[in-house]
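**Student:** Let me give you the structure first, and then I'll get to my questions.
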Amino acid sequence: MARLIRWESVLVLLLVVVAVVGSVRTGGTFLSGGNLFYLGLDIAEIALIALPLTLVVVSGEIDLSVASVLGLSSALVGTLWNAGWALELILPVAILAGAVCGAVNGLLVTRLGLPSLAVTIGTLALYRGLALVLLGDTAVADFPASFTQFGNTPIPGTQIPYPILLFAVLAIGFAVLLHYSSFGRSTFAIGANDEAARFSGIRVKRVKLILFVLTGAVAAIAGIVYTLRFSSARADNGNGLELAVVAAVLLGGVSIFGGKGTLGGVIAGVLLLGGLRNLLILDDVSTEVLTVVTGALLLAGVLIPRLLGSRFTPAGRKT
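So the sequence shown is numbered by numbering that gives the first Met the number 0: it starts at 0 and just counts up by one.
Take a look at the structure:
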C-alpha cells in the first residue's frame with residue numbers, strides 16, 4: 000500500500016492544509032478571488048520557468064542562469080523600446096535572445112563536457128552583467144497601457160491573470176512533451192543513465208541542447224511577463240528568482256540526480272511554494288523570513304523524498 004503513495008499526493012494534501020489554515024488565519028481573505036488573483040501574479044514567472052527546468056533536471060542537468068536570462072530579457076525590452084523599436088519586433092527578439100543564452104549554456108555543457116552547475120553559475124553572472132551593460136541602474140517605465148495590461152489585469156469575467164493563461168497553455172505543451180512523446184522518454188532515459196541512453200541510440204547531446212534552448216526561451220518570456228507585471232524594465236528584475244524556481248521543481252518531486260519526476264508534481268510544488276509565501280505575506284512576515292522558508296522548502300524537496308525512498312516515489316519513473 001505504501002508504494003502506491005506518491006509524493007504528488009502528499010503535495011496535494013499539503014496544499015489543502017495550507018488552504019484551510021490560510022483561510023482560517025486570514026478570515027477567508029486567503030481564498031478570496033482578489034487574493035488568488037495576486038497569488039497567480041506572484042507565481043507567474045516561477046511557474047513559467049519551472050516548466051522547462053523540470054525537463055532539464057529530469058535529464059540530470061541544472062540551469063541556475065534562468066533568473067539572469069529573465070533580467071537580460073527585460074533589459075533588452077527596455078533598451079529596444081528606448082531605441083524606438085515597435086513592440087511587435089521587440090518581443091520576438093527578446094525571446095530569441097533568451098534562446099541564444101540557453102544555447103550558449105547547452106553548447107558549453109554538451110560540446111565541451113563542462114558540468115552544468117559550474118557553467119550556469121558562470122552565465123548567471125555573465126547574463127546579469129550584460130543586462131547591467133544594457134540598462135545600467137535605470138528603469139524604462141513608459142510602455143503603453145495596452146501592452147502592460149496583459150501583465151497585471153485579469154481575463155475579463157474572471158479572476159485569472161493573463162500570465163496564468165499563458166502558463167496553462169505552455170504547461171499542456173510541456174506535459175505532452177515530457178510524458179507522452181519519444182522526446183520525453185529519451186529525457187528520462189538520459190537522466191537515469193547517460194551512457195546507457197547513448198548506447199541505445201539516443202542523441203544525448205542534441206536532447207540536452209534542445210532542453211537548454213527551451214529553458215532560455217521560456218525564461219525570456221518570463222522576463223517579458225515580469226516587465227508587463229511591474230510596467231518596468233530593469234536590469235535587476237528577477238534577481239534571486241532562481242532559488243524559488245529550483246525549490247519549486249525539487250519540491251515537486253523531481254530528483255536532483257535525474258531520471259524521475261512529473262510535471263504535475265512540479266505544478267503542485269509551485270502552488271505550494273506560492274501559497275506558503277502568500278500566507279506569510281498576509282501575516283506581515285519579513286522578506287528575510289520568506290527567503291528562509293524558500294531555502295527550507297528547497298532542502299525539503301531534496302531530502303524528504305530521498306529519505307522516505309519508495310514510499311514517496313514520483314510517478315514519472317519507477318525506482
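Cβ coordinates follow ideal geometry from the N, Cα and C atoms, glycine included.
(1) Please list, in chain order, all residues of the same chain as I159 whose beta carbon is under 7 Å from its beta carbon, the five residues on each side excluded.
(2) Label E194 either buried or exposed according to how many other C-beta atoms from any shown protein chain fall within 10 Å of its C-beta, with 16 as the threshold for buried.
(3) Measure the C-alpha to C-alpha separation of L210 and L14 and round it to an integer number of angstroms.
(4) Which complete alpha helix (DSSP H) runs does the region 205-235 hold, if anything under 4 residues is left out?
(5) Sort G190, D62, T78 and L208 by Cα distance to G257 and report the nearest one.
(6) Leaving aside the five residues before and after N34 along the sequence, list all residues of the same chain whose C-beta is less than 6 Å from its C-beta, in chain order.
(7) Once DSSP output is grouped into helix, strand and coil, what is the label at V139?
(8) Using only the alpha-carbon positions, how far apart do A232 and I280 sit?
(9) Buried or exposed for F198, going by 16 or more other Cβ atoms inside 10 Å?
(10) Counting only runs that start and end within the region 21-100, where is the alpha helix (DSSP H) found for 4 or more residues in a row?
(11) In terms of alpha-carbon separation, which member of P114, L111 and V65 lies closest to V99?
(12) Which class does P153 belong to by DSSP, given the choice of helix, strand or coil?
(13) May I have a chain-ordered list of the alpha helix (DSSP H) segments no shorter than 4 residues that lie completely inside the region 235-268?
(14) So does the region 210-228 actually touch the region 67-78, counting three or more Cβ pairs closer than 8 Å?
(15) Can you tell me the Cα-Cα spacing of R2 and T137, whole angstroms?
(16) Identify the residues that DSSP records as bridge partners of P160: which are they?
(17) Counting pairs of beta carbons, one from the region 239-249 and one from the region 262-269, are three or more of them closer than 8 Å?
(18) Per DSSP, what kind of secondary structure is N192 in: helix, strand or coil?
(19) Enumerate in chain order the residues of its own chain whose CB-to-CB distance from G332 is below 7 Å, with the five nearest sequence positions on each side excluded.
(20) Kindly indicate which three-state DSSP category R5 falls into: helix, strand or coil?
(21) Secondary structure at L107, three-state DSSP: helix, strand or coil?
(22) Specify the secondary structure class of L10 as computed by DSSP and reduced to three states.
**Tutor:** Well, looking at it:
(1) Within the sequence shown, the letter at position 160 stands for residue 159. Cβ neighbours of I159 beyond the five flanking positions: G39 and P153.
(2) For this step, residue 194 is matched to residue 195 along the sequence shown. Classification for E194: exposed.
(3) For the purposes of this step, residue 210 is identified with residue 211 of the sequence shown, where counting begins at 1. For the purposes of this step, residue 14 is identified with residue 15 of the sequence shown, where counting begins at 1. The alpha-carbon atoms of L210 and L14 are separated by roughly 29 Å.
(4) When DSSP assignments are scanned along the region 205-235, no uninterrupted stretch of alpha helix (DSSP H) that is 4 or more residues long falls wholly within it.
(5) Within the sequence shown, numbered from 1, the residue matching residue 257 stands at position 258. Of G190, D62, T78 and L208, the residue nearest in Cα terms is G190.
(6) Translated into the one-based positions of the sequence shown, residue 34 becomes position 35. Closer than 6 Å at the Cβ level, and outside the excluded window around N34, lie T28.
(7) Start at 1 with the first residue of the sequence shown, and residue 139 comes out as number 140. Per DSSP, reduced to three states, the secondary structure at V139 is strand.
(8) As a working note, residue 232 is residue 233 in the sequence shown. As a working note, residue 280 is residue 281 in the sequence shown. A232 and I280 have their alpha carbons spaced roughly 25 Å apart.
(9) By one-based count along the sequence shown, residue 198 stands at place 199. Here F198 is exposed. Its C-beta has fewer than 16 other C-beta atoms within 10 Å.
(10) Listed in chain order, they are 32-57 and 65-81.
(11) The count along the sequence shown starts at 1 and reaches residue 99 at position 100. Of the listed residues, the one whose Cα sits closest to V99 is V65.
(12) Residue mapping note: residue 153 aligns to position 154 of the sequence shown, counting from 1. Strand.
(13) Within the region 235-268, the complete alpha helix (DSSP H) runs of at least 4 residues are 240-250.
(14) Flag = yes, the region 210-228 and the region 67-78 touch.
(15) Mapped onto the sequence shown, residue 2 falls at position 3. Mapped onto the sequence shown, residue 137 falls at position 138. Legend: pLDDT at R2 = 46, less than 50; position of this residue unreliable, value from coordinates given subsequently. About 54 Å.
(16) Counting from one through the sequence shown, the residue named residue 160 turns up at place 161. As computed with DSSP, P160 is found in a beta bridge with P153.
(17) Output reads yes: the region 262-269 touches the region 239-249.
(18) On the sequence shown, position 193 is the one that residue 192 refers to. DSSP, read as helix, strand or coil, puts N192 in coil.
(19) Shown here, the chain extends from 0 to 318; a query on residue 332 therefore has no answer.
(20) Taking the sequence shown and counting its residues from 1, the one referred to as residue 5 is at position 6. Here R5 sits in coil by DSSP.
(21) Taking the first residue of the sequence shown as 1, we reach residue 107 at position 108. The DSSP-derived three-state label of L107 is helix.
(22) Within the sequence shown, numbered from 1, the residue matching residue 10 stands at position 11. Correct three-state label for L10: helix.
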